[in-house]
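Note sheet for the following structure.
Protein chains: 2
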Amino acid sequence: MKIGILGLGLIGGSLGFDLKSQGHDVLGVSRRESTCKKAMEIGSVDQAATELSLLSAAEVVFICTPIGLIVPQVEQLISHLPKTSIITDVGSVKTPIVQGISHLWENFVGGHPMAGNTDIGIDAAQRNLFVDRPYVITPTESTPSHAISILEEIVCSLGSIIYHCSPEKHDRAVSWISHLPVMVSASLVATCLSESDPEIFQLAQKFASSGFRDTSRVGAGNPELGVMMAQYNRQALINSLYQYRHHLDEFIDMIETENWDLLTEKLKINQQNRPSFL
Amino acid sequence: MKIGILGLGLIGGSLGFDLKSQGHDVLGVSRRESTCKKAMEIGSVDQAATELSLLSAAEVVFICTPIGLIVPQVEQLISHLPKTSIITDVGSVKTPIVQGISHLWENFVGGHPMAGNTDIGIDAAQRNLFVDRPYVITPTESTPSHAISILEEIVCSLGSIIYHCSPEKHDRAVSWISHLPVMVSASLVATCLSESDPEIFQLAQKFASSGFRDTSRVGAGNPELGVMMAQYNRQALINSLYQYRHHLDEFIDMIETENWDLLTEKLKINQQNRPSFL
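These protein sequences, in sequence, are chains A and B. Position one of the first sequence corresponds to residue 34 (the working numbering), numbered consecutively onward. Position one of the second sequence corresponds to residue 34 (the working numbering), numbered consecutively onward.
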């Protein structure tokens with residue numbers, strides 16, 4: 034199959050490796066000539082160019098740009114594609130993407146491979162990145178079933194675990210376990226940085242150990258990624274944050290009223306149930 | 034030197050290993066006969082007994098019981114000790130311990146070795162647990178300097194990094210980087226468990242990855258330990274939680290008002306400054 038990849042970063046470059054190794058003809062497009070050259074050199078794509086016209090022969094195109102560029106790039110891309118081509122994306126938020134593209138292109142299927150790490154760019158691309166990782170597909174009622182089937186076949190070949198849900202349910206689920214933790218953790222780091230007594234601040238820096246390290250990690254990561262989550266999943270994230278503040282207030286109240294039995298019970302429920310998320 | 038250890042768990046048992054290997058005569062006391070037997074078998078102590086009278090010959094006694102038992106045990110212990118004996122403890126909160134013991138025993142020096150993990154009991158004891166870890170000593174104005182010197186010498190021999198501060202500053206510092214993260218993380222777990230739509234709840238369980246895993250870890254740990262922190266460091270923790278809620282509200286406000294420039298700036302400050310805690 035001829036498969037196009039628009040955006041040759043960690044996800045696009047890694048997809049290229051796997052699809053090419055399965056014998057597909059992989060066509061890659063990047064804004065930068067140097068990225069195209071690199072993708073060819075490392076064997077992530079068969080052909081690469083900075084022009085969207087390279088993708089006109091593609092039967093399926095994966096949009097792997099940063100989330101804010103997905104809809105604008107599809108708007109430019111579609112004049113180059115036959116109506117039968119299937120477009121999918123890999124954005125980590127789905128509602129605005131699916132809403133933005135569904136009326137532009139019939140054969141569009143939203144997707145979200147939940148793989149990757151903090152590295153970015155074609156240099157971070159790796160083989161088998163998607164093996165045993167969730168790959169969420171978010172079709173709507175009007176998505177053609179053959180487009181879904183073809184995407185599923187490709188995703189299956191990557192070794193991913195496929196999940197189906199609506200874009201809205203996807204965004205609410207990732208708000209709980211991905212976007213809320215970032216803001217909870219960011220607030221923790223900001224709070225610790227606000228200590229005004231220099232002696233206590235320095236002691237806190239010296240005493241910080243694995244508990245602080247783990248709880249603060251995602252709140253001090255890539256700022257652009259944090260802002261992107263908040264921009265594109267704003268309403269679900271706000272709802273999650275309000276729920277979180279309610280539970281935080283409950284913990285504060287238990288400590289203020291010295292309700293140790295209830296605090297013990299709540300912490301036991303956490304201990305018992307967290308493993309179901311791991 | 035004859036050194037007593039009251040409480041043969043992870044910390045007490047590990048201290049025994051290191052002190053014995055330096056040639057000290059280590060006397061261990063545990064409430065349980067089986068723990069005494071085990072401590073002798075593994076070579077963590079030279080002698081062990083369930084009676085406090087074993088410690089009457091000790092020049093220095095480390096109190097390594099759970100935090101709630103430290104003051105009550107010292108109250109019982111002192112009738113067995115000569116006035117010259119030095120008592121120290123390893124409790125993770127210092128103000129209530131130092132206040133409780135200072136008027137009972139002149140040669141008392143509060144301490145907090147910041148080592149250990151989630152394992153408990155004599156079976157978890159290990160050699161060199163304290164190497165390169167902070168060991169905080171919290172003397173007061175009335176603590177005899179020779180008692181501080183002798184404790185420093187022992188702590189130095191464990192390979193720890195010694196810090197000195199007041200009990201109150203210790204408790205405020207650990208509130209930021211140890212006790213606040215537990216409550217922040219516990220609130221996150223409780224919030225995610227509260228999702229009432231079963232489909233979204235199940236998706237969240239399936240999609241949870243390293244971000245959720247790390248941010249939720251300490252909030253779903255040992256419930257007794259979490260309650261202990263809240264009980265014994267209650268006021269510092271409440272202050273930290275109020276500060277935290279203020280910063281959380283700022284993040285919520287930035288997202289509600291779509292102030293992406295300010296959100297970017299705050300996340301950049303986090304990214305730049307977190308490494309100073311690691």
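Virtual Cβ for every residue (Gly too), placed ideally from N, Cα, C.
Not flagged as an interface residue toward chain A: serine 77 of chain B, since no C-beta distance is shorter than 7 Å. Linking alanine 253 of chain B to serine 309 of chain A through their CA atoms gives a straight-line distance of about 12 Å. Against leucine 274 of chain A, the close residues of chain B are Leu281, Phe284, Ile285 and Ile288, in the order they occur along the chain (beta-carbon pairs closer than 8 Å). In this structure, DSSP gives alanine 158 of chain A a state outside helix and strand, which the three-state scheme calls coil.
Within the segment 155-177 of chain B, Pro167 place their CB atoms closer than 7 Å to a CB of chain A, listed in sequence order. Between the alpha carbons of isoleucine 210 of chain B and serine 249 of chain A lies a gap of roughly 10 Å.
Fewer than three beta-carbon pairs drawn from the segment 226-239 of chain A and the segment 270-287 of chain A are found closer than 8 Å, and the two stretches are therefore not classed as touching.
Interface annotation for the segment 245-269 of chain B against chain A: Phe245, Arg246, Asp247, Thr248, Ser249, Arg250, Val251, Gly252, Ala253, Gly254, Asn255, Pro256, Glu257, Gly259, Val260, Ala263, Gln264 and Arg267, criterion Cβ-Cβ distance under 8 Å. Contact of threonine 151 of chain B with chain A is not assigned, every C-beta pair being separated by 7 Å or more. Under the Cβ criterion of 7 Å, asparagine 292 of chain B is not counted among the residues facing chain A. By the Cβ neighbour-count rule, valine 164 of chain A is exposed, with fewer than 16 other Cβ atoms within 10 Å of its own. Under the DSSP assignment, valine 107 of chain B falls in the alpha helix (DSSP H) whose first and last residues are 103-110. Taking a cut-off of 8 Å on C-beta distances, the segment 170-182 of chain B does not touch the segment 149-158 of chain B, as fewer than three cross pairs fall below it.
When the Cα atoms are used, arginine 65 of chain B and leucine 88 of chain B turn out to be separated by approximately 16 Å. Separation of the CB atoms of glycine 61 of chain B and alanine 81 of chain B is rounded to 4 Å, and the pair is thereby assigned contact status at 8 Å. The C-beta of histidine 203 of chain A has 16 or more other C-beta atoms within 10 Å across all chains shown, which makes the residue buried. Cα atoms of glutamate 228 of chain B and arginine 307 of chain A: separation of roughly 14 Å, rounded to the nearest angstrom. As computed with DSSP, alanine 82 of chain A is found in a beta bridge with A:Val62.
Going by beta carbons, valine 104 of chain B and isoleucine 120 of chain B fall outside the 7 Å limit. With respect to glycine 144 of chain A, isoleucine 130 of chain A sits apart: the two C-beta atoms are not nearer than 7 Å. Annotation for threonine 290 of chain B: no beta strand (DSSP E) segment contains it, and DSSP assigns it neither H nor E. Not a single C-beta of chain B is nearer than 7 Å to the C-beta of alanine 81 of chain A. A direct Cα-to-Cα measurement between asparagine 303 of chain B and phenylalanine 234 of chain B gives close to 30 Å.
By the criterion of a C-beta distance shorter than 8 Å, glutamine 132 of chain B is surrounded in its chain by Pro200, once the five residues flanking it on both sides are discounted. In terms of beta-carbon proximity, glutamine 304 of chain A lines the interface with chain B, with at least one pair separated by less than 7 Å. For the segment 219-238 of chain A, the residues whose beta carbon sits under 7 Å from a beta carbon of chain B are, in order, Ala219, Ser220, Leu221, Val222, Ala223, Thr224, Cys225, Leu226, Ser227, Glu228, Glu232, Ile233, Leu236, Ala237 and Gln238. Nearest to serine 118 of chain B by C-alpha distance, out of B:Pro177, B:Ser125 and B:Cys97, is B:Pro177. In the DSSP assignment, aspartate 122 of chain B falls within the beta strand (DSSP E) that extends over 119-122. Chain-order list of chain B residues neighbouring isoleucine 271 of chain A: Ile285, Ile288 and Glu289, by C-beta distance under 8 Å.
DSSP places isoleucine 210 of chain B in no alpha helix (DSSP H); its state is neither H nor E. Residues of the segment 204-217 of chain A with a C-beta atom less than 8 Å from some C-beta of chain B are Arg205, Ala206, Val207, Trp209, Ile210, Ser211, Leu213, Pro214, Val215, Met216 and Val217, listed in chain order. For the segment 127-153 of chain A, the set of positions with a beta-carbon nearer than 7 Å to some beta-carbon of chain B reads Met147 in chain order. Nearest to leucine 191 of chain A by alpha-carbon distance, out of A:Val251, A:Gln159 and A:Thr83, is A:Gln159. In this structure, the beta-carbon distance from histidine 212 of chain B to asparagine 140 of chain B does not fall below 7 Å. Fully enclosed beta strand (DSSP E) runs of no fewer than 3 residues are not present anywhere in the segment 225-305 of chain A. For histidine 179 of chain B, the enclosing alpha helix (DSSP H) stretches over residues 178-190.
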